[in-house]
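Asker:
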DNA sequence: CTAGTAAACTTAAAACCTGTAAGCAAATAG
DNA sequence: CTATTTGCTTACAGGTTTTAAGTTTACTAG
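Residue numbers (the working numbering), protein chains in the order written: chain A, 1 to 189; chain B, 190 to 378.
1. Residue 316/B and residue 271/B - do their beta-carbons sit closer together than 8 Å?
2. Determine the closest residue to residue 302/B out of 240/B, 244/B, 213/B and 353/B, with distance taken between C-alpha atoms.
3. Of all the CB atoms in chain A, is at least one closer than 8 Å to the CB of residue 248/B?
4. Where does residue 144/A sit, in a helix, a strand or coil, going by DSSP?
5. Identify the continuous alpha helix (DSSP H) that holds residue 85/A and give its terminal residues.
6. For residue 143/A, count neighbouring Cβ atoms within 10 angstroms of its own Cβ and tell me buried if that reaches 16, exposed if not.
7. So with CB distances below 7 Å, who are the chain A contacts of residue 376/B?
8. Using only the alpha-carbon positions, how far apart do residue 256/B and residue 274/B sit?
9. Could you tell me whether any Cβ in chain B is nearer than 8 Å to the Cβ of residue 30/A?
10. If I'm right that residue 247/B touches residue 216/B with Cβ under 8 Å, what's the distance once you round it to whole angstroms?
11. Restricting to Cα atoms, I'd like to know which of 131/A, 160/A and 12/A is closest to residue 309/B.
12. Whose C-alpha, out of 88/A, 118/A and 185/A, is nearest the C-alpha of residue 172/A?
13. Can we say the region 143–155 of chain A touches the region 335–355 of chain B, given the rule of at least three CB pairs closer than 8 Å?
14. Whose Cβ in chain A lies nearer than 7 Å to the Cβ of residue 295/B?
15. Below 7 Å on C-beta distance, what does residue 329/B contact in chain A?
16. From residue 108/A to residue 65/A, what does the alpha carbon distance come to, in whole angstroms?
17. Reducing DSSP to helix, strand and coil, say where residue 164/A ends up.
18. Please list the terminal residues of the continuous alpha helix (DSSP H) segment that includes residue 35/A.
19. Once you ignore the five residues that flank residue 344/B on each side, which residues in its own chain have a CB closer than 7 Å to its CB?
20. Put residue 361/B into one of helix, strand or coil per three-state DSSP.
21. From residue 40/A to residue 14/A, what distance separates their C-alpha atoms?
22. Cα separation between residue 292/B and residue 374/B?
23. Return the first residue and the last residue of the alpha helix (DSSP H) that residue 297/B is part of.
24. Reducing DSSP to helix, strand and coil, say where residue 64/A ends up.
25. Measure the CB-CB distance between residue 191/B and residue 225/B and report whether it falls below 8 Å.
26. Are residue 38/A and residue 47/A closer than 8 Å when you measure CB to CB?
27. Could you tell me which chain A residues have their CB closer than 9 Å to the CB of residue 338/B, listed as they occur along the chain?
28. When you compare the CB of residue 155/A with every CB in chain B, is at least one pair closer than 8 Å?
29. Taking the alpha-carbon of residue 334/B as reference, which of 347/B, 314/B and 209/B has the nearest alpha-carbon?
30. Locate the alpha helix (DSSP H) running through residue 201/B, then write down its first and last residues.
31. Would you mind reading off the limits of the alpha helix (DSSP H) that contains residue 129/A?
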């Protein structure tokens, strides 16, 4: 029988794609093996276990997100940057629901995945250069933005906004208006 | 053999407690059965399947959250109400991580669980009575608050803020200051 | 070119979880 | 006190995870 040519990278890619298709929760080692036309045990030479696959997908997703965010931020500042940055997260979550779900995993701080998460936080901090925030306000704002983007996108995806007729896109746009306004008028301690 | 006295309610309670102990993901029908000193099959007379148990836990959690939020809102207005309300969600997530994780499930809109989710949104709207927001700004603000609370709490719990020395409590407090300021100065369309 | 070895994959198997169906025992009703 | 419903067990079919051992494929070196 011809070999499938498995590597940790190809398994991770396939896992990410499969998660986008059928949901991160339903992405199993067995399903992955089926996709490669291979027995489940074959994957364990390339990947430690099921948890390892999930962490790798999380790392991949966080890296892709940081890459897109960095590109969006290039040459932009102020509200323009804020909107572009925020839309990267929202669009990514819609385009890659499985990958995005992976980013919600608890990652222990030693891993490459945690590094990728840190890179995203750094980019949020870079975004704030367009606003005149000093420490510790800057850190507070980074956390607020991170939480807001993540939470809004998650609730929207989970259908939490479906019960009100108002267009979700309009609310999103106005939320970004409000955020811009807030960052330009951050209350003093 | 003496009977265990199972009911859907007791199973749901046990499931919620078990989820808080070992994590929502690891809460299985088998583990529940062990807790009751009963064979797994016994549970299927009281509960449709594993998914059903999870949805029931989500519903329970959302109801408990709404109850606490309603109590926190009673007799308070403005920033006082905002802080109390926000802390309900943050404290609940810390106290009941498994239950809180359950609230992140995708709920189809027909169920009792979705009703409980709606009740939470209504309470957020009630909170905004202390600020002078007209529609559609009110709906936009409800969505923003829901997303922010949920996202902040989720990221904090997932360890997303651990890499910066700044106290998470301090950032939370300042985030609420900022939100109060924003709601009092909501930008015009 | 061929023998040896390392890597890739399969087979086999244990342990666990989900869910259905059939059977037995305990509570309840007439 | 019998009859029936209800609650739980047994039995089982099917699926996933993971380890260990065996086989085949591909590479490496003499």
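Even for Gly, the Cβ is constructed at its ideal location relative to N, Cα and C.
Answerer: In this structure, then:
1. One-based indexing of the second chain puts residue 271/B at position 82. One-based indexing of the second chain puts residue 316/B at position 127. Contact flag set, yes.
2. Here the question's residue 302/B lines up with position 113 in the second chain. Minimum Cα distance to residue 302/B is reached at 244/B.
3. Counting from one through the second chain, the residue named residue 248/B turns up at place 59. Chain A, which has no Cβ nearer than 8 Å to the Cβ of residue 248/B, makes this no.
4. Translated into positions along the first chain, residue 144/A becomes position 144. DSSP places residue 144/A in helix when its eight states are reduced to three.
5. The residue given as residue 85/A occupies position 85 in the first chain. For residue 85/A, the enclosing alpha helix (DSSP H) stretches over residues 78–95.
6. Position 143 of the first chain holds residue 143/A. By the 10 Å Cβ count, residue 143/A comes out buried.
7. Here residue 376/B is taken as the residue at index 187 of the second chain, counted from 1. Under the 7 Å cutoff, chain A gives 177, 178 and 181.
8. Position 67 of the second chain, counted from the first residue, corresponds to residue 256/B. Position 85 of the second chain, counted from the first residue, corresponds to residue 274/B. One C-alpha to the other measures close to 11 Å.
9. Walking along the first chain from the start, residue 30/A turns up at place 30. No, no contact with chain B.
10. By one-based count along the second chain, residue 247/B stands at place 58. By one-based count along the second chain, residue 216/B stands at place 27. Not quite, the Cβ-Cβ distance comes to about 12 Å (not below 8 Å), so this is no contact.
11. As a first step, residue 309/B must be located in the second chain, where it is residue number 120. The candidate whose alpha carbon is nearest that of residue 309/B is 160/A.
12. Along the first chain, read from residue 1 onward, the residue named residue 172/A stands at position 172. When C-alpha distances from residue 172/A are compared across 88/A, 118/A and 185/A, the shortest belongs to 88/A.
13. Three or more beta-carbon pairs separated by less than 8 Å link the region 143–155 of chain A to the region 335–355 of chain B, which places the two stretches in contact.
14. The count along the second chain starts at 1 and reaches residue 295/B at position 106. By Cβ distance, chain A contributes 158 and 159.
15. Your numbering for residue 329/B matches position 140 in the second chain. What residue 329/B touches in chain A, judged by beta-carbon distance under 7 Å, is 171, 174 and 175, going in chain order.
16. Along the first chain, read from residue 1 onward, the residue named residue 108/A stands at position 108. Along the first chain, read from residue 1 onward, the residue named residue 65/A stands at position 65. In this structure, the CA atom of residue 108/A is about 19 Å from the CA atom of residue 65/A.
17. Taking the first chain and counting its residues from 1, one reaches residue 164/A at position 164. Collapsing the DSSP output to three states places residue 164/A in coil.
18. Position 35 of the first chain, counted from the start, is the residue given in the question as residue 35/A. DSSP places residue 35/A inside the alpha helix (DSSP H), whose first and last residues are 29–36.
19. Mapped onto the second chain, residue 344/B falls at position 155. Correct list, in chain order: 350.
20. Taking the second chain and counting its residues from 1, one reaches residue 361/B at position 172. Note: residue 361/B maps to helix in three-state DSSP.
21. Here residue 40/A refers to the residue found at position 40 of the first chain. Here residue 14/A refers to the residue found at position 14 of the first chain. Distance between the alpha carbons of residue 40/A and residue 14/A is about 14 Å.
22. The residue labelled residue 292/B in the question sits at position 103 within the second chain. The residue labelled residue 374/B in the question sits at position 185 within the second chain. The alpha-carbon atoms of residue 292/B and residue 374/B are separated by roughly 31 Å.
23. Counted from its first residue, the second chain places residue 297/B at position 108. Counting along the chain, residue 297/B falls outside any alpha helix (DSSP H), and DSSP gives it neither H nor E.
24. Indexing the first chain from 1 puts residue 64/A at position 64. The answer is helix: DSSP assigns residue 64/A an H, G or I state.
25. Here residue 191/B is taken as the residue at index 2 of the second chain, counted from 1. Here residue 225/B is taken as the residue at index 36 of the second chain, counted from 1. Not closer than 8 Å, so no.
26. Numbered from 1 along the first chain, position 38 holds the residue referred to as residue 38/A. Numbered from 1 along the first chain, position 47 holds the residue referred to as residue 47/A. The Cβ atoms of residue 38/A and residue 47/A lie no closer than 8 Å to each other.
27. Locating residue 338/B in the second chain gives position 149, where the first residue counts as 1. Correct list: 147 and 151.
28. Walking along the first chain from the start, residue 155/A turns up at place 155. Yes, residue 155/A counts as interfacial toward chain B.
29. Reading the second chain from its first residue, position 145 is the one you call residue 334/B. Minimum Cα distance to residue 334/B is reached at 314/B.
30. On the second chain, residue 201/B is found 12 positions in, with the first residue counted as 1. Where residue 201/B is concerned, the enclosing alpha helix (DSSP H) stretches over 197–211.
31. Within the first chain, residue 129/A is the residue found at index 129, counting from 1. Judged by DSSP secondary structure, residue 129/A falls outside any alpha helix (DSSP H); it is assigned neither H nor E.
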